[in-house]
Every structure is written in structure tokens, then in C-alpha cells.
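Worksheet: the structure to be examined is printed underneath.
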Amino acid sequence: SISAKELQRELEVTYKTAWRMANLIRKALPQSDEPLDGEVEVDAGYIGGKGIAGKNNVNLSQVMADKSVVMAAIERKGRMKAEVVPDAGALSTKNFLWKNVKQSATLMTDSAKVYEISAAPFKRETVNHSKGQYVRGRAHVNNVEAFWAHVKRSIRGTHKGVSPKHLQTYLDGFVWHRNNAGTDRERFSSLLSAVLQPVA
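If you read the sequence shown in our numbering, its first letter stands for residue 1479, the second for the next number, and so on.
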């Protein structure tokens, strides 16, 4: 959760060394293969890229094409997963859901049409953001949207920028941090267990 520049200053090493250390730590924090169950919020996000959509959003399609598409799923009061996906289409969404969520789960999504095909086997509850609806009974995606907000703020404020090549490892770090949201002592102990390998 700190930048390579901060590591550089604290450890008095080169930026290249600090970035490599941080990258190796993130690579040691893979997400669990166990699929999520229960009530699971799912949402896609767009990260990175630069550009101005222009008057009447005339350049919006190009601005969006320059961004990386990411998907996240969060169990209510449980674990989460997040991945970089090829696009926001039905096939990519289906592949993400079938890999990361049990079909016994109840999906909580927005009203995007992509879910009508990709989430067909699942029970699903929706909210319609275009109509100003953000909570409908137990249906909402507030937790996953809060996660995306945290990721984007951290990238802009702490890391300043993340390349598409390394975005997945950053996501792994953010997911690990959320899934280990106990005390600092517990989190640090879990981190050491993940990154320290026994000497052969």
C-alpha cells in the first residue's frame, strides 16, 4: 500500500531496486482459487488511459478503449476477487463469473445488459443506476464500487500511474489487503508468511 518512491526513500536504495522489491511482494500475494458463494456483488470497472471525450462525448469510445477493463466480485462480509479481463463483453464476463463464483451464489449487479447472457445460470438481483436506483432491498453493488474507488484513488495518489502490463499484480495486492482486513499485527504476520519462503 506504499509506493516504490516511498520504499526508495525509506530503504535508501535506487528506485529500480525499490520497484522490483514492491513488485516481488505483490507477486507473492496471489488470489485464492476457491470460488465465492452466498450473496456476491459483481461489477466491471475501467482503469488508466488518458484523453478527453470532447464536446458531446464525440471521442468517448476512443477514451474508453485506452483503458484497462477490470472485474471484481465480493462476498457480502467475505472474500473478494478481481481480475483484468480482455473486454466488458458477455464472453469475458461469463468467463470471469464461472471461474470465480459458484453457481449456487446469488449475484448482485447493476442492470447492464451484458449480465442477461453471461449470468444466465445464476440467481440475480439488480439495481438500475440509470434511474437513480442504488439500493433495492438487499440488492446493491456498493461494496464493489467502494473497492474500485479505493483502487483508483490509490493509483492516482500513491502510485501515480500503473501500466497495463503490471495492473494485475497491483490488483492482487489490493485484493489481498482487503481480504486480510484484520489488525495490523495479523496482516503483517500474514504478509510475512506469504513472502518469506523457506531456504532449501
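Idealized CB from N, CA, C, for every residue including glycine.
When burial is assigned at 16 or more other CB atoms within 10 Å of the CB, is residue i buried or exposed?
i	result
Thr-1661	exposed
Leu-1467	The first residue shown for the chain is 1479 and the last is 1678, placing residue 1467 beyond what the model contains.
Gly-1651	buried
Tyr-1648	buried
Asp-1618	In the sequence under discussion, the amino acid at residue 1618 is His, which differs from the Asp named in the question. Flag for His-1618 reads buried.
Ala-1597	buried
Gly-1523	buried
Glu-1519	buried
Leu-1674	exposed
Leu-1485	buried
Thr-1571	buried
Leu-1569	exposed
Asp-1544	exposed
Can you give the Cα-Cα distance for residue i and residue j, rounded to whole angstroms?
i	j	result
Val-1601	Ile-1503	Note on residue identity: the sequence assigns Lys, not Val, to residue 1601. Going by the C-alpha atoms only, they are around 37 Å apart.
Glu-1488	Ile-1480	11 Å
Glu-1517	Glu-1490	46 Å
Ser-1539	Glu-1553	32 Å
Ala-1627	Asn-1621	10 Å
Gly-1610	Asp-1588	11 Å
Ala-1583	Thr-1492	47 Å
Arg-1557	Lys-1528	32 Å
Pro-1599	Ala-1550	18 Å
His-1655	Glu-1594	32 Å
Arg-1616	Thr-1495	47 Å
Met-1542	Ala-1659	32 Å
Phe-1666	Glu-1623	26 Å
Tyr-1612	Val-1562	25 Å
Asn-1501	Glu-1603	38 Å
Ser-1608	Lys-1533	21 Å
Glu-1664	Asn-1573	33 Å
Lys-1505	Lys-1555	25 Å
Considering only the alpha carbon of each residue, which of the options lies closest to residue i?
i	options	result
Ala-1560	Thr-1584, Leu-1514, Lys-1494	Leu-1514
Lys-1643	Val-1520, Ser-1539, Val-1605, Pro-1564	Pro-1564
Val-1605	Arg-1614, Ala-1597, Ala-1598	Arg-1614
Val-1547	Arg-1557, Gly-1556, Gly-1567	Gly-1567
Met-1499	Leu-1569, Met-1542, Ala-1482	Ala-1482
Asp-1511	Lys-1577, Met-1586, Trp-1497	Lys-1577
Ile-1525	Leu-1569, Leu-1507, Gly-1639	Gly-1639
Is residue i close to chain D? Criterion is C-beta to C-beta, closer than 8 Å.
i	result
Gln-1486	Judged by its chain identifiers, the structure shown contains no chain D, having just a single protein chain.
In the DSSP assignment, find the beta strand (DSSP E) that holds residue i and state where it starts and stops.
i	result
Thr-1661	From DSSP, Thr-1661 is part of no beta strand (DSSP E); its letter is neither H nor E.
Lys-1545	Looking at the DSSP string, Lys-1545 is not in any beta strand (DSSP E), and its letter there is neither H nor E.
Lys-1559	1558-1563
Glu-1603	1601-1605
Gly-1651	Counting along the chain, Gly-1651 falls outside any beta strand (DSSP E), though it belongs to the alpha helix (DSSP H) covering 1645-1657.
Thr-1584	1584-1588
Which stretch, first to last residue, makes up the alpha helix (DSSP H) that contains residue i?
i	result
Ile-1503	1493-1505
Ala-1484	According to the sequence provided, residue 1484 is Glu. The question's Ala does not apply to it. Taken as a continuous stretch (DSSP letters only), the alpha helix (DSSP H) holding Glu-1484 covers 1482-1489.
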